[in-house]
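Trainee: Using the numbering used here, the letters of the sequence shown map in sequence onto residues 3 to 128.
We put the beta carbon where it would ideally sit given N, CA and C, even for glycine.
These numbers come from a predicted model, not from an experiment.
Structure below; questions to follow.
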Amino acid sequence: MSEADVVGTIVLTVDGREFDCASVSPKFVTGKKPVATMNRQGRTRKKTKTTSSITLSVEVIIPESGDINWANIEDGRITIESLDGGHRTTYTGCEATDVSESYKLDGEAMRSIEMFAMDKITEGAA
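Laid out in structure tokens, this is it:
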């Protein structure tokens, strides 16, 4: 793992409150799709481009101050920052689509949240 891949913090911000996250997995859907057309070769020969989107799978650590209604997250923000603070990626306009619970014997209680983001902002060195 290179130094650029090492993450210092992952924070979910909702209504001014910050929640620590154990992990986040962004997925970018390009919007490119094949268009099946009838032709002699029996292959796809056309393509189209629709809207692109960002989906996130987030593991949030339940805070000691108590659980919140994770399904009602609207206009949240996820910030991923490097150890030295030189690189930051922020996903804005995050809204929850699915919420599930996760418990581990030797760890914190977690919530697994599937959400979409409206935008991605990258700051610092690439």
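1. Along the beta strand (DSSP E) that carries L107, what are the first and last residues, could you check?
2. Is E125 closer than 9 angstroms to T91 when the C-beta atoms are compared?
3. Just the C-alpha distance for R79 and R47, rounded to the nearest angstrom, thanks.
4. Tell me, to the nearest whole angstrom, how far the beta carbon of D22 is from that of I63; I am working on the premise that it is less than 8 angstroms.
5. Taking buried to mean at least 16 other C-beta atoms within 10 Å of its own C-beta, is A73 buried or exposed?
6. List the residues that DSSP assigns as beta-bridge partners of P36.
Mentor: Taking the geometry as given:
1. Where L107 is concerned, there is no enclosing beta strand (DSSP E), given that its DSSP letter is neither H nor E.
2. yes
3. 40 angstroms
4. 5 angstroms
5. exposed
6. K49
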